[in-house]
Ligand SMILES: [Fe+2]
């Protein structure tokens, strides 16, 4: 089998070889002066040769790319592998420090952000978070200072009112009959956990949070033991499992969960969710008709997702669905101060089978859809919204994302005025090397995670 047989190893999916540090990056346009901090993004970057016959996109070693902005300048770019036992073994080094609940040799490759005053790389399925320095070197695995009982997730939700972090986790291969809800306090210590029984082992990628509920996604991607015993990515499409969402009252127990059947489908990522006055729950999400069915190497070979609004009625236990956009949508984001609250604007990437991935803004009140095309052969990743200081309008802020220029094998950090997509980027920071397609990241302001003194 040639490399071309695995779309997740060629083109801009292909890993890069070097960890690079570069200072005073060239900028086209003007970096807003209020942006002082780091844009960070995690993604898989297998170290050493990967077997194209079975390499799954989700399985590569984690690599964080970061750009530090201050005073209208792009002070540095760095990319660093996230520390793990496997990575260190391949480099002839001992394992990194820190408890390893699952015994998993891989490191976090899925998300990176700031919380409790420091920087965390995260992954689902049992890998312990890894704490990073400001300059992206791995310090150690950190199980929230000894308080995390087991698995964690790459998709925690931070409540903007309390500052607490909420998560739903599954633990491959240890937790065969339950998932777990976890609340982490602002001190970085786990405050509460709830074990949630589920029939079989599901791949639980994300969650939703509203004022009343933490939402469990029990959807039909489950463990396949034939794949597992073959040492491959062990989860596969299984529509016989059924598909349901669980509304767990935030301070309730598993017995309090209201389970509601939803369409047979899979959701990696909700955009946001909130309660309505009549008791219903609104969730906007990117919905796949199926995943890991024909394509068991990654998410894009079966179909792309569309953006839908689901309204759950806890009393009647019903779910009504409305398509917001039939076009391809992924990596949904919103203004973080409105997590779990009514909101108007969302932002997505629009993946394609080629390199042209537009950035899309949704006005969920008017239905307006605004598209920013990045040019031929160019595509944007997850669009991270950063509010302008003291802004009142919901969309008064910046969209930050990496743009991949596939024909020239290069990448840029692009900053867009979220209220003015038509203007195009206000700043393009030229990066010193290509950035492979990756998963998730965040803007981490220097106020939330200060640089070293
Ligand atoms: Fe994700």
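Numbering (our numbering), first residue to last: 325 to 777. By construction, the Cβ of each residue, glycine as well, lies at the ideal position given by its N, Cα and C atoms. Because the structure is a prediction, the values reported are computed rather than measured.
Item	Value
Report all residues from its chain with a CB closer than 7 Å to the CB of residue 325; omit the five preceding and five following residues, and keep chain order.	Note that residue 325 scores a pLDDT of 37, beneath 50, so its modelled location is shaky and nothing firm can be said.
Give me the residue from 475, 415, 609, 760 with the minimum Cα distance to residue 372.	415
What residues are listed by DSSP as bridge partners for residue 520?	503
Run the CB neighbour count on residue 417, radius 10 Å, all protein chains shown included, and call it buried at 16 or more, exposed below.	exposed
Just checking residue 434 against ligand 1 - is the residue's beta carbon closer than 8 Å to any of the ligand's heavy atoms?	yes
Quick check on the burial criterion: 16 or more other C-beta atoms within 10 angstroms. Buried or exposed for residue 600?	exposed
Distance check for residue 640 and residue 443, CA to CA, integer angstroms please.	42 Å
What are the start and end residues of the alpha helix (DSSP H) that includes residue 409?	409–414
Under 8 Å: does the beta carbon of residue 624 sit that close to some heavy atom of ligand 1?	no
Buried or exposed for residue 774, going by 16 or more other Cβ atoms inside 10 Å?	exposed
Around the Cβ of residue 347, are there at least 16 other Cβ atoms within 10 angstroms (buried) or fewer (exposed)?	exposed
Distance, Cα to Cα, residue 512 vs residue 764?	21 Å
Give the range of the beta strand (DSSP E) segment to which residue 726 is assigned.	721–729
Would you kindly check if the distance between the Cβ of residue 364 and the Cβ of residue 342 is under 9 Å?	no
Specify whether the segment 590–607 and the segment 528–544 touch according to this definition: at least 3 beta carbon pairs, one from each stretch, less than 8 Å apart.	yes
For ligand 1, any of its heavy atoms closer than 8 Å to the Cβ of residue 530?	yes
Could you check whether the Cβ of residue 478 sits closer than 8 Å to any heavy atom belonging to ligand 1?	yes
Going along the chain, which residues of its own chain have a beta-carbon closer than 7 Å to the beta-carbon of residue 340, five neighbours each way excluded?	369, 757, 758, 760
Between residue 420 and residue 462, what straight-line distance do the alpha-carbon atoms span, to the nearest angstrom?	8 Å
If you draw a straight line from the alpha carbon of residue 327 to that of residue 735, how long is it in whole angstroms?	Unreliable positioning characterises residue 327 in this predicted model, as indicated by a pLDDT of 42, which lies under 50. The coordinate reading is nonetheless provided below. Approximately 23 Å between the Cα atoms of the pair.
Which same chain residues, not among the five before or five after residue 646, have their C-beta less than 7 Å away from its C-beta?	632, 633
Sort out for me which residues DSSP pairs residue 717 with in a bridge.	DSSP output for residue 717 lists no bridge partner at all.
Tell me which same chain residues have a C-beta within less than 8 Å of the C-beta of residue 457, skipping the five on either side of it?	443, 463, 776
Answer yes or no: the CB of residue 598 versus the heavy atoms of ligand 1, is any distance below 8 Å?	no
So the candidates are 453, 439, 474; which of them puts its Cα closest to the Cα of residue 489?	439
For residue 553, count the other beta carbons within 10 Å of its own beta carbon; 16 or more makes it buried, fewer makes it exposed. Which is it?	exposed
Which term fits residue 435, buried or exposed, when burial requires 16 or more other beta carbons within 10 angstroms of its beta carbon?	buried
Thinking C-alpha only, which one of 350, 556, 710, 731 is nearest residue 701?	731
Can residue 593 be considered in contact with ligand 1, in the sense that its beta carbon sits closer than 8 Å to one or more heavy atoms?	yes
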